[in-house]
Each structure stands twice: as structure tokens, then as C-alpha cells.
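**Student:** Quick note, the sequences are listed as chains A and B, same order.
Position 49 of the first sequence, counting from 1, maps to 49 under my numbering, and the rest follow consecutively.
Position 81 of the second sequence, counting from 1, maps to 81 under my numbering, and the rest follow consecutively.
The beta carbon of each residue, even a glycine, is placed where N, CA and C say it ideally should be.
Quick caveat: nothing in here was measured; it's all calculated off a predicted structure.
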Amino acid sequence: MSVTDFTPDEMMTITAARALKNTDVCFVGIGAPSAACNIARLTHAPDVTLIYESGTIGTAPTVLPLSIGDGELCDTAVTTVSVPEMFRYWLQGGRVTVGFLGAAQIDRFGNINTTVIGDYDRPKTRLPGGGGAPEIASSCGEIFITLKQSKRAMVDKIDFFTSFGHGNGGDHRQRLGITTKGPTLMVTDLAVWKPDPETREFTVVSLHPGVTREMVQAECGWTVRFATKVIQTSRPTSTELSTLRDLKARTKAAHSGTKNGEAS
Amino acid sequence: MAQFMTLPQAVAENLNAGDTAAFEGFTHLIPHASAHEVIRQGTKDLALVRMTPDLIYDQLIGMGAVRKLIFSYAGNPGVGLLRRLRDSVENGWPNRIEIEEHSHAAMANAYEAGAAGLPFAMFRGYLGAELAQVNPNIRSVTCPFTGEKLAAVPAIRPDVTFIHAQKADRKGNVLIEGIVGVQKEAVLAAKRSVVTVEEIVDDLWTHPNACVLPGWAVTAICLVPGGAHPSYAHGYYPRDNASYIAWDKIAADRDTFLAWMKDNVLDSTPEDFAERITHLRAAA
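1. Among the candidates A:L190, A:L64, A:A227 and A:V211, whose CA atom is the shortest distance from the CA of A254 (chain A)?
2. What are the boundary residues of the alpha helix (DSSP H) that V187 (chain B) is part of?
3. Measuring only between beta-carbons, confirm whether N260 (chain A) sits less than 9 Å from chain B.
4. Is M12 (chain A) helix, strand or coil when you go by DSSP?
5. Should P144 (chain B) be labelled buried (16 or more other beta-carbon atoms within 10 Å of its own) or exposed?
6. So which of B:T52, B:F71 and B:N91 has the shortest CA-CA distance to G62 (chain B)?
7. Alpha carbons only, please: which of B:L55, B:A35, B:D54 and B:T52 is nearest the one belonging to L46 (chain B)?
8. Buried or exposed for K167 (chain B), please, with buried defined as at least 16 other CB atoms from any protein chain shown within 10 angstroms of its CB.
9. Quick one: list the residues of chain B neighbouring F202 (chain A), beta-carbon separation under 8 Å, in chain order.
10. I want to verify the contact list: residues of chain B whose CB lies under 7 Å from the CB of L176 (chain A), in sequence order.
11. Using DSSP bridges, identify the partner residues of P183 (chain A).
12. Helix or strand or just coil, what does DSSP make of Y114 (chain B)?
13. Apart from the five residues on each side of it in sequence, which residues of its chain come closer than 8 Å, Cβ to Cβ, to E177 (chain B)?
14. Chain B beta carbons: is any one of them nearer than 9 Å to that of Y89 (chain A)?
15. Less than 9 Å between the C-beta atoms of N111 (chain A) and S163 (chain A), yes or no?
16. On the three-pair Cβ rule with 8 Å, is the stretch 220-228 of chain A touching the stretch 163-183 of chain A?
17. In whole angstroms, give me the CA-to-CA distance for V113 (chain B) and L150 (chain B).
18. Let's test the definition: count the other Cβ atoms within 10 Å of the Cβ of K249 (chain B) and tell me whether it reaches 16, buried, or not, exposed.
19. Assuming H32 (chain B) is part of the alpha helix (DSSP H), what are its boundary residues?
20. Report the CB separation of T43 (chain A) from T243 (chain A) in whole angstroms; it is logged as a contact under 8 Å.
21. When you compare the CB of S193 (chain B) with every CB in chain A, is at least one pair closer than 9 Å?
22. Got a sec, what are the start and stop residues for the beta strand (DSSP E) T125 (chain A) sits in?
23. My guess is that R169 (chain A) and R200 (chain A) are in contact by the Cβ rule of under 8 Å, so how many angstroms apart are they, rounded?
24. Take P123 (chain A) and list the residues in its own chain whose beta-carbon comes closer than 7 Å to its own, dropping the five residues that flank it on each side.
25. DSSP state of P154 (chain B), grouped into three classes?
26. Whose C-beta lies closer than 7 Å to the C-beta of K157 (chain A) among residues of the same chain, with five residues either side of it excluded?
27. Out of curiosity, what's the CA-to-CA distance linking A129 (chain B) and T80 (chain A)?
28. Going by C-alpha to C-alpha distance, which of A:D47, A:S256, A:E240 and A:R250 sits closest to A16 (chain A)?
29. I need the straight-line Cα distance from P31 (chain B) to R95 (chain A), nearest angstrom please.
30. How far does the alpha helix (DSSP H) with D28 (chain A) in it extend, from its first residue to its last?
31. Please list, in chain order, the chain B residues whose beta carbon lies closer than 8 Å to that of I30 (chain A).
32. Please tell me whether Q183 (chain B) and G75 (chain B) are closer than 9 Å, where the distance is taken between their beta carbons.
33. When the Cα atoms are used, what is the spatial distance from M1 (chain B) to G172 (chain B)?
34. Going by beta-carbon coordinates alone, are M86 (chain A) and G131 (chain A) separated by less than 9 Å?
35. Please check if any C-beta of chain A sits within less than 9 Å of the C-beta of I324 (chain B).
36. Quick check on the DSSP output: what are the complete beta strand (DSSP E) runs of length 3 or more inside the stretch 33-100 of chain B, in order along the chain?
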């Protein structure tokens, strides 16, 4: 049964979750991707293998981790390996089917910037940097991206290539010797996007309920392309929505905690 | 062979101005007490290495102890950006630090190369990524068998590595459990190492494949219960997420930051960490 009362953020998380299959092995980014991956595990994909870069493989946390290395991730994992092993054997070894990333800044070809806004040596804003993302982007079988739309985030030209998507489009990945598919799906709070088979430009294939083409364009820094046939994204089911809300409530309670012995 | 000593003594004997130092821990077991002791001793001009610089590096940078930072992700995970690091990079306060930026894969491989006594690390990385254009220490090698072009970065060889661990036995063997991060590699890559531990025991009572650093591979061991707070020690106390969230506000303003550092670092001692985890231990 579908429901009508949900937020754009909930629609985004649930739609992104639906993209994961039960057989996927997924390298999970922190934030929105982490919520989506765990909703997949708690709904249609109970056996999906979730991997966090801290070394936890096959983790099944009951609350969303604040960091990529919360104790909950290790407690519930099939195994926990060292960080060098994680990047050498499991990621570089080609055993991960999906990398699920967020983005501070993204362009129409799925290239991601999480390094700097402005010039690298004299940045306007120094962002955290790439972490695991540069190699996740090239070593995972394919890349799913999820982010909240805004003109600041979805830009015509990113300031820095932290993680390579489809470059300038077309066969740019192959020309660099990258053998994996790269970004194949982007889910925002307004729409579902897939790369055009030839140009590799992200194209809107599905609009979330209540969203118009004009709304998508208003929150995007490039001229949006729409697929020949644009459908409407299925509304969240009551099960999906209650699973997400329960998870968020458990997470909020777990992270508020106390500080230095004082009740907060 | 590992020597047992107090943390102030271990820092004084193993860290010198101008050194390259790593304080490793991947969210778990971050050596907060050691970093605070370094700040109290006023050691300057440090080149700091770490995959995930977080609060302690924000504190060392904000107190002007740092010349250079080698890293792959500088943030307060799940909370935001490191505001003291940003102030240094964007505004030069209190000094502008030099940055050498890598990816996690590069850093992990570089520590392994350091531990293995190799001059550089080789891996399949940085494909299409722009860091290779702004960091002259990211180069490439060609596989002599297949002709594939692979990324190459110099091995990491710190003068000293600081880590925190669950326990040591009386011979100085160190047990690390849970998320083991890159600590073993960081210790073995360094010339000297200082390990703070939650407790010292007669016998580690571990299973045969747990991460153990033998006592002869460690320089100094210091008993500092709670020494990872607000990070955590698996089996002892959980991560104090509320403190990480609170740090964002403390670090946002220079004066608030300096006042916090005076109260919680300059006027404190390693022994204070035990009290900071009492409520967390009870909740675990």
C-alpha cells in the first residue's frame, strides 16, 4: 500500500534504497547513502552485503552510524578487516558490485567534488577531501549517487575532480583505461536520473510524485535533459516509510546521548 | 623492547620539534590523550600524518603546533568540516599549514609500504582524479609484465606513531580488537611508537588471530584509561557521539576554541580521561 504523506528527503532515501539488489555487495558512503543502503537491507534486500571503509564487511547496524567506524558496525559485521586489506583485497580486488556515494558538488556527467570550492591552493571552502571515494569511483562495478538538489550542488562545472564519473562524457572512462561502469544512477529529492547511453549525461527518467520539470530545473545548475518518456516514481509504501522513520528515530535517540556525564 | 612509562615521559622522550608524527585510529581507538599531552608540552613544527584527521588534529592545528598535514579525509564524520583546519587553510590562522592530500587507498598502501621497508607503494588508483595534478607525490609506475600504468606514492615513515589500544600484557605485547584500522602498519612503519592502553594485564587472553603487536616492536607503553575519549575502545566504552557533535560549535569560534583548550587540555592531565568515560562505561 502506498502512502501520500512523506517528505522529499524520505522519497529520495526510499527510491535510492530500491536500487540495491539482495545479491549486491555495496561500499557505503556516510550520510544519505548510508540511510538508503540500510533501508534496502531492512526491506526488500535482507541479505545485501554492506561494507564500510573502516573495515566492516557484511554489517547490519540497528541504528545509522554517525561515523564510518561506529562500534555498532563492527559488532554486527560478518568480519572486520584492516583498512589496508579493505582497500587492497576487497575494493581494488574487484569484489564490490556497487559504490553508493553522496556529493558536495556534481556535474551532469557524474563527476564528484568533495575537495575544495574555489582554487585548490587558495580555496573559498576547504571540504573534507576524497577519503575512499577516488578509488570507489573507479573500482566498484557501478556507482549510485544520492543527493539533495540545489544549484550550489549541481553545477555546470565542478571546481575539482575528486572522483571521476564519466569525465567529459561518451567513452571518456574507457579511454582512461577504467573498466567499470561508473555512475549508472542518481537519485535526488526530486527525480531519478540515468546516464544517456551515448553521451553519458545524466537525464531525468522519473519525477517524484508532485514534482514538475520546472521544479527540477529550478534546483539544477545545468540545462536539464529529460528522457523521451518520463514516468512518475512510485510512492513509498507504508512499510518502507515506517521502516525509515523507525530507523531515524532509533538513530536520533542513540546519538543524542549524554556528554561528560551531563544529561542533554 | 617496550618500556612502561608515564605519558608525559613517553611524549618527551619520543617526539621532537620538527618530527613527522602519526596519530592513527580509524574512528575507533583515536589517541586523544597522547595528542593532548603533545599540546601541553608545546612541541611545534610538526608534520602530521593520518588518514582521517579529526578533532585532535583540529586541536593541534588550532594551537599552532603543525607545519604540514598529510591526509586523505579531514572531517568530523557525520557532523561536518574541521573548522580549525579550515581557518588555517583558508585564512592562515594561527599559521598556514602545508597540505599533502591523498586518497584512503593511497595512505593505506603507503603505510603498508613503510611497514614493509619499501620505498613506495603501488596500487590501481587516482584514475581520472585531479589530486594527482596538485600533489607532486602522486606519480605512476608501469607494470613490467602487463604494461599497466599504476599509481605510486612514497612510503610513509613517521619518526613516531601514537596509537591507543585495549590492553598490554606485562611483557609489553599489545592487543587491538574491533575496527583495527591502519594502526599496526603505522606502528611498524615508524622509527618509534607510543601506545596508550586501557589496562595492563597478566595475560592478553585472546584468540590466536587477534591483532597483536609484540612488545619488541613497540617503544613505549603508557597506561591511560579512557585515553581515546571521545573516540571509543571496543569492549570498554562506546563512542561519545554527543561530544563530536558539540565540537562543531566549540571549534567554530577562535576564542571559544582557545577557552575550551585551556580548560580541557592545558589545565588537564592524562588522568582526567578516566573520569570522562565513567558515564559511557556505565551505559555500555
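**Tutor:** According to the data block:
1. If you compare the alpha carbons of A:L190, A:L64, A:A227 and A:V211 with that of A254 (chain A), the shortest gap goes to A:L64.
2. In the DSSP assignment, V187 (chain B) falls within the unbroken alpha helix (DSSP H) covering Q183 to A189.
3. Low per-residue confidence applies at N260 (chain A): pLDDT is 38, beneath 50, and the placement is therefore not dependable, though the value from the model is reported in the following sentence. N260 (chain A) counts as touching chain B.
4. The answer is helix: DSSP assigns M12 (chain A) an H, G or I state.
5. Classification for P144 (chain B): exposed.
6. Measuring C-alpha to C-alpha distances from G62 (chain B) to each of B:T52, B:F71 and B:N91 identifies B:N91 as the nearest.
7. Considering only alpha carbons, the answer is B:A35.
8. So K167 (chain B) ends up on the buried side.
9. The premise fails here: F202 (chain A) is roughly 17 Å from chain B at the closest Cβ pair, so nothing lies under 8 Å.
10. Correct list: L127 and G128.
11. Answer is A:I143.
12. Correcting the residue identity first, residue 114 (chain B) is Gly in this sequence and not Tyr. In the structure shown, the three-state DSSP call for G114 (chain B) is helix.
13. Setting aside the 5 residues that flank it on each side, E177 (chain B) is surrounded in the same chain by Q166, T206, A210, C211, H234 and G235, each with a C-beta closer than 8 Å to its C-beta; the list follows chain order.
14. For Y89 (chain A), the answer is no, since every Cβ of chain B falls outside 9 Å of its Cβ.
15. Annotated as proximal: N111 (chain A) and S163 (chain A), with beta-carbon spacing under 9 Å.
16. By the C-beta criterion, the stretch 220-228 of chain A is judged not to be in contact with the stretch 163-183 of chain A, since fewer than 3 inter-stretch pairs fall below 8 Å.
17. For the record, residue 113 (chain B) in the displayed sequence is Ala; it is not Val. One C-alpha to the other measures close to 15 Å.
18. It is exposed - the Cβ of K249 (chain B) has fewer than 16 other Cβ atoms within 10 Å.
19. Counting along the chain, the alpha helix (DSSP H) containing H32 (chain B) begins and ends at H32 to Q41.
20. With a Cβ gap of about 6 Å, T43 (chain A) and T243 (chain A) count as contacting.
21. Taking a beta-carbon distance threshold of 9 Å, S193 (chain B) does not count as an interface residue toward chain A.
22. The continuous beta strand (DSSP E) containing T125 (chain A) extends over residues P123 to R126.
23. Looking at the sequence shown, residue 169 (chain A) is not Arg but Gly. The C-beta distance from G169 (chain A) to R200 (chain A) rounds to 4 Å, short enough to meet the 8 Å contact threshold.
24. The residues are V116 and I117.
25. In this structure, P154 (chain B) counts as strand in the three-state DSSP scheme.
26. Here K157 (chain A) has D107 as same chain residues with Cβ atoms under 7 Å from its own Cβ, once five neighbours each way along the sequence are excluded.
27. The alpha-carbon atoms of A129 (chain B) and T80 (chain A) are separated by roughly 28 Å.
28. Distances from the CA of A16 (chain A) to each of A:D47, A:S256, A:E240 and A:R250 were compared; the closest alpha carbon is that of A:E240.
29. Across the structure, P31 (chain B) and R95 (chain A) are spaced so that their CA atoms are roughly 32 Å apart.
30. As written in the sequence, residue 28 (chain A) is Val, which differs from the Asp given in the question. No alpha helix (DSSP H) holds V28 (chain A); the beta strand (DSSP E) holding it covers V25 to V28.
31. When 8 Å is used as the limit between beta carbons, I30 (chain A) is near these residues of chain B: P77 and G78, in chain order.
32. When the beta-carbon positions are compared, Q183 (chain B) and G75 (chain B) stay at least 9 Å from each other.
33. Near 8 Å, if we compare the C-alpha coordinates of G172 (chain B) and M1 (chain B).
34. Cβ atoms of M86 (chain A) and G131 (chain A): not closer than 9 Å.
35. In the structure as shown, chain B starts at 1 and stops at 284, and residue 324 (chain B) therefore has no counterpart that could be examined.
36. Listed in chain order, the complete beta strand (DSSP E) runs (minimum 3 residues) inside the stretch 33-100 of chain B are 46-50 and 66-71.
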